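Just so you know, we're using this note's numbering here: the sequence shown kicks off at 51 and counts up by one. Scroll down for the structure; my scribbles are underneath it.
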Amino acid sequence: MGLRGKLRRLERGARGNLASFVLEDGTRHYFNPESAECFLHTCDCVRAGSEGESFPEPPETIKALTRARNRAAALEATCGGGFGLFPYEREALLERGELVPALWIHPHRGHERVAACDELDGAGRPAR
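In structure tokens, the structure reads:
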């Protein structure tokens, strides 16, 4: 085995059970798929939103999602088991690579959503 092959084997061994996704620049972001960081960050965002505070700084893995080559696959791999409780708007992340606070958490935008729901009829359609 050549030097390059030995180096690759050592790198794989050092990564252990880490998973990864490819970033736009071709590099990889490694993360622990068993980590609860996405769930815990969501909990921190819910707490901050309920207290009228700004969201805390996202962990590196969530920041890296904005630079993923395939954002949908990276989101599923990192936060897919979160029962749909992702603290950012999925469309903004997937389409533009932006972390926009979710309507269901962010205190200021959440009030707008509640006001719009008040204008619905009993069947959930806009009242006329």
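A virtual CB, placed ideally from N, CA and C, is assigned to each residue, including glycine. The structure displayed is predicted, hence computed values, not measured ones.
- Query: Going straight from the alpha carbon of Leu153 to that of Leu53, what length do you get?
  - Reply: As a working note, residue 153 is residue 103 in the sequence shown. As a working note, residue 53 is residue 3 in the sequence shown. Leu153 and Leu53 have their C-alpha atoms roughly 52 angstroms apart.
- Three-state class that DSSP yields for Val96 in the structure shown: For the purposes of this step, residue 96 is taken as residue 46 along the sequence shown, with counting starting at 1. For Val96, the three-state secondary structure derived from DSSP is helix.
- Item | Neighbourhood of Tyr138 by C-beta, 7 angstroms cutoff - its chain only, sequence neighbours within 5 removed | Locating residue 138 in the sequence shown gives position 88, where the first residue counts as 1. Leu149, Val150, Pro151, Ala152, listed in sequence order.
- Item | Arg119 - DSSP class collapsed to helix/strand/coil | One-based indexing of the sequence shown puts residue 119 at position 69. Reduced to three states, the DSSP call for Arg119 is coil.
- In this structure, does DSSP put Phe71 in helix, strand or coil? Taking the first residue of the sequence shown as position 1, residue 71 is located at position 21. It is a strand residue.
- Message: On the CB-based measure, 16 or more other CB atoms within 10 Å of its CB, does Cys88 come out buried or exposed?
- Response: Translated into the one-based positions of the sequence shown, residue 88 becomes position 38. The Cβ neighbour count for Cys88, taken over all protein chains shown within 10 Å, is at least 16; the residue is labelled buried.
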